[in-house]
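The block underneath contains the structure these notes are about, expressed in structure tokens.
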């Protein structure tokens, strides 16, 4: 038999055996398992309190000098482009790091019928509360941005509505006495005071919804103290009236309402109770009932919880403190399904770092939860304490929650 024919014969004989061997190896190989993880998205130390636009794949943020920047997010990797986040300066008269200690929030994206715009605290002269105004910025479509004052009223710390494609978006904000208001974004004369919400720098939360046909999505939720207990209230923008939604025990702090895909996109909400429990409510027979509860590990406290939806399900991300330390060092994620609960830490325990202000962005590979990572200080007693200043920062990191 010629050598070429013999070689072909041997190959034909060995290929099935090789395929069988590979199949056996694959069957016996350990499956790849998810574990807590983190990846650096940006090394920029000043990149604190950034906000994502999912539709534009962009971030907006303020540097320490008061420049408002917009930069890209690479959907494939989740990294920031450019890496330091300094893409385009949208406004040079926005908040400095020190201003943000008073406003308590940075720029915010607001969906409109023609795309997302930015609202932010913009200053008319020296950076004082009396000179604070609401700034409105938009993309001109040619690589440049325009930023202007929404009105001459003394206002600051705007938050925007979250209804996709909204033809009449709303914003909420406070004045220099911390009195809360809301208005139609493009009609400042529609401003109304939120009467039952106490004067404070605590934000109201706009309902998050991607369905404009869902009744009740033009609204905000917030806590109000009733008989010594913080309860959840809902304010409908169209009627400018409020309604108390909860009457049960526990101090309610953070409140978020959204259209939950697993419940036919009906409205649900959660609140953080006593800083240790996530409690989810759904309307049942006309009344709001708690349908899911998840408590932090004993000794932990929960901060900055926020919902998001992905692949037909709802999730909540958050940061947590771990005793004996009093700073937020871990990022966790929860679902809202009582029949198959998920509640897990998604970041590693080492190195010990402050991990704070989590946000979500959906990459091509699925959700990633982003946060600022900072090196904690060591006190004179040898105990660790938080440092939230840029000079302590390791930059922005993200974790794959394994969903």
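Residue numbers (my numbering): 9 to 411. Here a beta-carbon is modelled for each residue, glycine too, at the ideal position from N, C-alpha and C.
Burial state of residue 121, where buried means 16 or more other Cβ atoms lie within 10 Å: With fewer than 16 other Cβ atoms within 10 Å, it is exposed.
Straight-line gap, residue 202 to residue 189 (C-alpha atoms, nearest Å): Approximately 5 Å, taken between the alpha carbons.
Three-state secondary structure (DSSP) of residue 14: Any reading at residue 14 must be qualified, since the residue scores a pLDDT of 34, below 50, and its modelled position is unreliable; no value is offered.
6 Å Cβ shell around residue 218 - same chain, five flanking residues per side excluded: Counting only Cβ-Cβ distances below 6 Å, and skipping sequence neighbours, we find 172.
Alpha-carbon spacing of residue 73 relative to residue 302, whole angstroms: Using only the alpha carbons, I get a separation of about 41 Å.
DSSP bridge partner residues for residue 59 (one or two, in chain order): Partner(s): 68.
Three-state class that DSSP yields for residue 399 in the structure shown: Looking at residue 399 - three-state DSSP - the assignment turns out to be helix.
Buried or exposed by the 16-neighbour rule on C-beta atoms within 10 Å, applied to residue 148: Flag for residue 148 reads exposed.
Burial state of residue 338 (16 or more Cβ within 10 Å): The residue is buried, with at least 16 neighbouring Cβ atoms inside 10 Å.
Range of the contiguous beta strand (DSSP E) that encloses residue 157: Unbroken beta strand (DSSP E) run through residue 157: 153-157.
Contacting residues, own chain, Cβ-Cβ under 6 Å from residue 266 (five flanking each side not counted): Counting only Cβ-Cβ distances below 6 Å, and skipping sequence neighbours, we find 216, 315.
Residue 365 versus residue 381: straight-line alpha-carbon distance, rounded: So the two alpha carbons sit approximately 9 Å from each other.
Cβ neighbours of residue 344 in the same chain (closer than 6 Å, five flanking residues each side left out): These residues qualify, in order along the chain: 288, 300, 322.
Assigned exposure category for residue 134 - 16 Cβ within 10 Å defines buried: When all chains shown are included, residue 134 counts as exposed.
Burial state of residue 329, where buried means 16 or more other Cβ atoms lie within 10 Å: Flag for residue 329 reads buried.
Status (buried if at least 16 other CB within 10 Å, exposed otherwise) for residue 42: Its Cβ having fewer than 16 others within 10 Å, residue 42 is exposed.
According to DSSP, residues forming a beta bridge with residue 238: Answer is 233.
Classification of residue 292 by the beta-carbon crowding that lies within 10 angstroms, buried from 16 upward: So residue 292 counts as exposed.
Near the ligand ATP: residue 66 beta-carbon under 7 Å from a heavy atom: Questions concerning the ligand ATP fall outside what the structure shown contains, since it holds no ligand whatsoever.
Beta-bridge partners of residue 315, as assigned by DSSP: The partner list for residue 315 (beta bridge, DSSP) reads 324.
Host beta strand (DSSP E) of residue 365 (start-end): Its beta strand (DSSP E) spans residues 362-371.
Exposure of residue 362, with buried meaning 16 or more beta-carbon neighbours within 10 Å: With 16 or more Cβ atoms within 10 Å of its Cβ, residue 362 is classed as buried.
Option nearest residue 162 by Cα separation, candidates 235, 111, 374, 373: Residue 162 has its Cα closest to that of 111, out of 235, 111, 374, 373.
Which listed residue (408, 200, 258, 399) has its alpha carbon closest to that of residue 55: Checking every option, the nearest Cα to that of residue 55 belongs to 399.
Beta-carbon gap between residue 155 and residue 99 smaller than 8 Å: Yes.
Given residue 311 as reference, the closest of 274, 226, 367 once Cα atoms are compared: The residue among 274, 226, 367 with its C-alpha nearest the C-alpha of residue 311 is 367.
Assigned secondary structure, residue 220 (DSSP; H/G/I helix, E/B strand, else coil): Coil at residue 220, not helix or strand.
Cut-off 6 Å between Cβ atoms - residues of its own chain near residue 58, not counting five sequence neighbours on either side: Around residue 58: 67, 69.
Ranges of the beta strand (DSSP E) found wholly within the region 59-138, counting only runs of at least 3: Qualifying beta strand (DSSP E) stretches, in chain order: 59-61, 66-70, 76-81, 96-99, 116-120, 123-131.
Assigned secondary structure, residue 270 (DSSP; H/G/I helix, E/B strand, else coil): In the structure shown, residue 270 falls within a helical segment according to DSSP collapsed to helix, strand and coil.
Nearest-angstrom beta carbon gap, residue 307 and residue 331 [assumed within contact, 8 Å]: About 4 Å separates the beta carbons of residue 331 and residue 307, which is inside the 8 Å limit, making them a contact pair.
Cβ-based neighbour list, residue 165, same chain, cut-off 8 Å, excluding 5 preceding and 5 following: 111, 112, 113, 129, 181, 182, 209, 211, listed in sequence order.
DSSP-derived helix/strand/coil call for residue 225: Note: residue 225 maps to coil in three-state DSSP.
Residues that residue 192 bridges to, as DSSP identifies them: Per DSSP, the beta-bridge partners of residue 192 are 178, 195.
Residue 255 burial status per 10 Å Cβ neighbour count (16 or more: buried): Answer is exposed; the Cβ neighbour count stays below 16.
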